[in-house]
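Protein chains: 2
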Amino acid sequence: MVNQNNKNRIVFFISDRTGITAEALGGSLLSQFEGLNFTKIHLSFIDTLDKAHGAVKKVNSASLEAGEPALVFSTQINSEFRVMISKSNCVFFDFFETFISKMERSLDLKSSHTAGKSHSMNHNNNYSNRMSSINFALGSDDGLGSKTYENADLILIGVSRSGKTPSCLFMALQYGINAANYPLIEQDLENTKLPESLQQYKHKLFGLTINPIRLQKIRDERRSNSNYASLKQCQNEVKRAEDLYHSNNIPFIDTTQISIEEISAKIINKLSLR
Amino acid sequence: MVNQNNKNRIVFFISDRTGITAEALGGSLLSQFEGLNFTKIHLSFIDTLDKAHGAVKKVNSASLEAGEPALVFSTQINSEFRVMISKSNCVFFDFFETFISKMERSLDLKSSHTAGKSHSMNHNNNYSNRMSSINFALGSDDGLGSKTYENADLILIGVSRSGKTPSCLFMALQYGINAANYPLIEQDLENTKLPESLQQYKHKLFGLTINPIRLQKIRDERRSNSNYASLKQCQNEVKRAEDLYHSNNIPFIDTTQISIEEISAKIINKLSLR
């Protein structure tokens, strides 16, 4: 079904504000179409008549040059600018208006039609949590120890470079979850006993594991040809970490093939953290 | 227009995968309705018949208990499960199917209807960039200096606690941008000359500023009653930092009222980093 003349398409993400929502849904929809290349153009903060005119011009000239209409994914809230842009030479996907009338009917309430609420500070009651969770994750990464674990919503454990820090940061940024981390070092892996400082927080623990070959590659990028990065060392550490998880009934997840978004969502799901 | 019986509504975000996209658009739409409280329930990884049945049950019983149908925001891609859930006792907002047919027509291509592409590792060509940018931001935060600036896409400068680190981390996580940071300390602020290590990277610099009263509050949470957290010190540092930006024609932004999403999007916009 592929139209051979149609291998590359121009896509615009247009928003009154950051454009993060337009990009999330638009990107999700585009990922359903394999074999096409998309040239993505981001127009954020389209919040004046001048900028709206500029956006229309850009869409028209991109469509003209490509010989076919660009796709426009829009979360534009301002009606005047939205209508202007929708009338440009494009296929217009309206992520806002498409749903807002149905919501108004269902909620029996008019929407405020005010731009920029979802990713702003004031209308995101989770915002200060998220900021303090980032500081928490950064502090935990410096190894502040048991006081940190006390205040943690969860504690990620795993060998060096198994994905703990980026996962903690993502959970902080996206969900405002206080995720601490504890790196399993060699002396922790001598037997399958839980390290002492973790014992009273067992219910908060979640383990990460990773394919040793992948781990070897990651470590080698950091410390090339070291014992730390040898395959044997990686295999050994991973096996012992998994033994430790099994022996102590600690839930764990293999991070080799999955993104930090998926790791985080799965952990939150399993620990029922939301 | 507020329906007085209608102050609290149950909302579900349902997805085959992480649910991040459903939450982004759903949250954005909900933020348009002031004066209502929403009880939000997240059902992610609904990827088996059992889990789909479970989701239907949860929606039905929540709607029954509330006495009115829950709102369901769905990015469910599997058709069978999507149809099941849409037929439960709810108002169903279909973020996937609503747009996918129009996209298929416009792209002259069938969608793959495969779940979980947008936030996965393999279909996110930006993923390894994002991971390496997180390490970059963390490394830069430890003050690795000039080698870091060489490889940076941009360098955020500002006084302590003006928002540099969280903004750098967000730009890394969301966009895969290598954002370094340089904290302006007192000796940098003695005059309006650019610190020596930054001079050759002037084109990469972006300044942050903040209301001194807000800064004082943030610093006081960290080091209560210190000179560092005194209003006078905060006023002095902020004024000198702004003088430095003005003298050297460095673009800058006031972070007092805006979120790290907005800070990041505005900076990327201004420096044309995408």
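Residue numbers (this note's numbering), protein chains in the order written: chain A, 78 to 351; chain B, 78 to 351. Every residue gets a Cβ at the ideal spot worked out from N, C-alpha and C, and that includes glycine. All values derive from a computational prediction rather than experimental measurement.
Contact between B/Val88 and B/Gly112 does not hold, since the beta-carbon distance rounds to 15 Å and is not under 8 Å. For B/Tyr252, there is no enclosing beta strand (DSSP E); the enclosing alpha helix (DSSP H) covers residues Lys241 to Tyr252. DSSP lists A/Ile118 and A/Val149 as the bridge partner or partners of A/Phe89. Its chain contains Thr333 as the residues whose beta carbon lies nearer than 6 Å to that of A/Asn288, once the 5 sequence neighbours on both sides are disregarded; these appear in chain order. Taking 8 Å as the upper bound for CB-CB distance, B/Tyr259 and B/Ile232 are in contact here, some 6 Å apart. Of the candidates A/Ile337, A/Thr286, A/Leu261 and A/Glu267, A/Leu261 places its Cα closest to the Cα of A/Leu275. Secondary structure of B/Asn268 (DSSP, three-state): coil. Counting only unbroken stretches of 3 or more residues, no beta strand (DSSP E) element lies wholly within the region 173-232 of chain A. The C-beta of B/Gln153 comes no closer than 9 Å to any C-beta of chain A. Think of a sphere of 7 Å around the beta carbon of A/Pro243: the chain B residues whose beta carbon falls inside it are Met208 and Ile211, in chain order. B/Asn313 carries a helical assignment under DSSP once its states are collapsed to helix, strand and coil. Straight across, the Cα-Cα distance linking B/Glu298 with A/Phe110 is about 49 Å. Using beta-carbon distances, B/Met198 counts as an interface residue toward chain A, with a partner under 9 Å. Apart from the 5 residues on each side of it in sequence, A/Thr98 sits with its Cβ closer than 8 Å to the Cβ of Ser92, Thr152, Phe172, Ser195 and His196 in its chain, given in chain order. In this structure, A/Leu321 lies near A/Gly284, with their beta-carbon atoms less than 9 Å apart. Contact between A/Phe170 and A/Val149 holds, with the beta-carbon distance rounding to 7 Å and staying under 8 Å. For A/Gly144, there is no enclosing beta strand (DSSP E), as DSSP marks it with neither H nor E. Under the DSSP assignment, A/Leu282 falls in the beta strand (DSSP E) whose first and last residues are Leu282 to Thr286.
For A/Asn304, not one C-beta of chain B is nearer than 9 Å to its own C-beta. Interface annotation, A/Phe283: not in contact with chain B, CB-CB separation never under 9 Å. Between B/Leu266 and B/Glu314, the gap from beta carbon to beta carbon is short of 9 Å. Within the same chain, Cβ atoms closer than 8 Å to the Cβ of A/Ala143 are found at Asn85, Arg86 and Ile87, the five residues on either side in sequence being excluded. The beta-bridge partner set that DSSP reports for B/Leu261 consists of B/Val236. Around A/Ser140, the same chain offers Ile87, Pro146, Ala147, Ser165, Asn166 and Cys167 as residues with beta carbons nearer than 8 Å, after the five sequence neighbours per side are excluded. The alpha-carbon separation between A/Lys309 and A/Pro272 amounts to approximately 23 Å. Look at A/Ile345 here: in three-state DSSP terms it is helix.
Distance check between A/Thr242 and each of A/Asn228, A/Asn212, A/Glu227 and A/Thr269 places A/Asn212 closest, using alpha-carbon atoms only. With fewer than 16 other beta carbons inside 10 angstroms of its own, B/Val160 counts as exposed.
Here DSSP, grouped into helix, strand and coil, assigns A/Phe158 to helix. A Cβ-Cβ separation of about 7 Å places B/Met180 in contact with B/Ser188 under the 8 Å criterion.
Close CB contacts of B/Glu339 within its chain, under the 8 Å cut and outside five residues either way in sequence, are absent. For the region 103-117 of chain A, the residues whose beta carbon sits under 7 Å from a beta carbon of chain B are, in order, Gly104, Ser105, Leu106, Ser108, Gln109, Phe110, Glu111 and Leu113.
Separation of A/Lys316 and A/Tyr204 (C-alpha to C-alpha, rounded to the nearest whole angstrom) is 39 Å. Rounded to whole angstroms, the gap between the alpha carbons of A/Thr225 and B/Arg94 is 31 Å. Around the C-beta of A/Asn155, 16 or more other C-beta atoms lie within 10 Å, and the residue is accordingly described as buried. In this structure, the alpha-carbon of A/Ser349 lies about 43 Å from that of B/Glu227.
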